[in-house]
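Novice: In the working numbering, the protein residues as written are 34 to 367.
Structure incoming, see below.
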């Protein structure tokens, strides 16, 4: 029986500082996908994802501004999205503005200027750090932006909190990431970095955790990270699986939907999700979605009830339903 499917012992059943292992520090029950774009129109839309039923629900346009080719971060209650601007076609590009919504009541949250990033954000990947009480305390994002810097965000004070120099190439098609308890990996089309949270330092690992900046990373809490093994904006058929204990690629496994990229990934407790992507048929931005079970390294495509929905709105947006989205960002909560 996989460890994460077992009932917690009496020792770990008491929620006290330092006694919960990383896997049980937060029991994830719900996820969100925010923003993304289709046909040069970016969305303010957010959908939730119930992990007990695998059903997606439209929360409406609860972002202050739209964004695409972006990333974000969250604490226990609020979710932040970098690189936002305007609505519709105005939201396509790299910017410093941050949007925020509340994951407890699924409404727009009051934004402050201190939430905005130092540098413009485009094509970025973001890592999150969780403390021993299950609180997300800091995030770091990197990718195509205004300088060769990693941007830090304090998730406790909900403010941007400075930058860190990096040797990571800011060019190419952008960056992606996956991460575990103490460190994670950034990668783009030609480079990769290991980033350690406690020391805020980077090194070059002896392997490539991901193939391309637009083959996105799926986070888990089970000691493994997942990223596209081939392809670019689409064309991903397999996951490259990183073992965080041994720091090697332990296997490659089939994606539940093939010929895809720019996925909107969400971390769950025992399974991960994508809600929308860029890929077949076409390829094009679409609402195809899947779940992926970490224990078995297998998954399946979700039906209509698991796909994100919404109404197209904003400058330059077509009338009717949102026909697809890719390059948004995923969040999760207990």
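Cβ atoms here follow ideal geometry from the backbone N, Cα and C, with glycine treated the same way.
Identify which residue in 283, 119 and 79 has its Cα closest to the Cα of residue 347.
Specialist: When only C-alpha atoms are compared, the closest one is 119.
Novice: Please tell me whether residue 247 and residue 312 are closer than 8 Å, where the distance is taken between their beta carbons.
Specialist: In this structure, residue 312 does not lie closer than 8 Å to residue 247 by Cβ.
Novice: Helix, strand or coil, according to DSSP, for residue 166 in the structure here?
Specialist: In the structure shown, residue 166 sits in coil (DSSP, three-state: anything other than H, G, I, E or B).
Novice: Is the separation between the beta-carbon of residue 221 and that of residue 242 shorter than 8 Å?
Specialist: No.
Novice: Between the C-alpha atoms of residue 350 and residue 357, what's the straight-line distance to the nearest angstrom?
Specialist: Going by the C-alpha atoms only, they are around 12 Å apart.
Novice: Does residue 354 come out as helix, strand or coil in the three-state DSSP assignment?
Specialist: Residue state, collapsed to three classes: strand.
Novice: Just tell me which of 84, 167 and 229 has its CA closest to the CA of residue 305.
Specialist: If we check each option's Cα against that of residue 305, 84 comes out closest.
Novice: With a cut-off of 8 Å on the beta carbons, I'd call residue 256 and residue 245 a contact; round off their distance for me.
Specialist: About 24 Å separates the two Cβ atoms, so there is no contact after all.
Novice: Could you spell out where the beta strand (DSSP E) holding residue 123 opens and where it closes?
Specialist: That residue, residue 123, is in no beta strand (DSSP E); it is neither H nor E in DSSP.
Novice: How close, in whole Å, do the beta carbons of residue 109 and residue 161 come, if the pair is a contact with beta carbons under 8 Å?
Specialist: Rounded, the Cβ-Cβ distance is 11 Å, inconsistent with contact.
Novice: Please return the same chain residues whose Cβ sits closer than 7 Å to the Cβ of residue 39, not counting the five positions on each side in sequence.
Specialist: The predicted model places residue 39 with a pLDDT of 33, which falls under 50 and marks its position as unreliable; any figure quoted below should be read in that light. Cβ neighbours of residue 39 beyond the five flanking positions: none.
Novice: According to DSSP, simplified to helix, strand and coil, what is residue 148?
Specialist: In the structure shown, residue 148 sits in a helix (DSSP, three-state: H, G or I).
Novice: Short check: CB of residue 393 to CB of residue 320, under 8 Å?
Specialist: With the chain represented from 34 up to 367, any question about residue 393 goes unanswered, as that position is not in the structure.
Novice: According to DSSP, is residue 253 helix, strand or coil?
Specialist: Here residue 253 sits in coil by DSSP.
Novice: Tell me whether residue 164 is buried or exposed, calling it buried when 16 or more other Cβ atoms sit within 10 Å of its Cβ.
Specialist: Looking at its Cβ environment, which holds fewer than 16 other Cβ atoms inside 10 Å, residue 164 is exposed.
Novice: Along the beta strand (DSSP E) that carries residue 327, what are the first and last residues, could you check?
Specialist: Per DSSP, residue 327 belongs to no beta strand (DSSP E) and is neither H nor E.
Novice: Starting from the C-beta of residue 264, find all residues in its chain whose C-beta is less than 6 Å away, skip the five residues before and the five after it, and write them out in chain order.
Specialist: Excluding positions up to five away in sequence, the list reads 248 and 294.
Novice: Measure the beta-carbon distance from residue 155 to residue 207 and round it to whole angstroms, keeping in mind my assumption that it falls under 8 Å.
Specialist: Rounded, the Cβ-Cβ distance is 7 Å, consistent with contact.
Novice: State the Cα-Cα distance for the pair residue 139 and residue 191, rounded to the nearest angstrom.
Specialist: About 18 Å.
Novice: Compute the Euclidean distance between the alpha carbons of residue 121 and residue 113, then round it to the nearest angstrom.
Specialist: About 19 Å.
Novice: Could you work out which residue in 325, 111 and 278 is closest to residue 286 when comparing CA atoms only?
Specialist: It is 325.
Novice: Report yes if the CB atom of residue 95 is closer than 8 Å to the CB atom of residue 55, and no otherwise.
Specialist: No, these two residues do not count as a Cβ contact at 8 Å.
Novice: For the candidate residues 179, 198, 329 and 274, whose alpha-carbon lies nearest to that of residue 213?
Specialist: The shortest Cα separation from residue 213 among 179, 198, 329 and 274 belongs to 274.
Novice: By a C-beta neighbour count over all protein chains shown, 10 Å radius and 16 as the cutoff for buried, is residue 215 buried or exposed?
Specialist: By the 10 Å Cβ count, residue 215 comes out exposed.
Novice: Residue range of the beta strand (DSSP E) that residue 234 falls in?
Specialist: 234–236 is the span of the beta strand (DSSP E), which, as asked, contains residue 234.
Novice: Would you call residue 69 buried or exposed, if buried means 16 or more other Cβ atoms sit within 10 Å of its Cβ?
Specialist: Buried, since its Cβ has 16 or more Cβ neighbours within 10 Å.
Novice: Could you name the residues of the same chain whose beta carbon sits closer than 8 Å to that of residue 281, not counting the 5 residues immediately before and after it, in chain order?
Specialist: Within the same chain, residue 281 has close Cβ partners 240 and 275.
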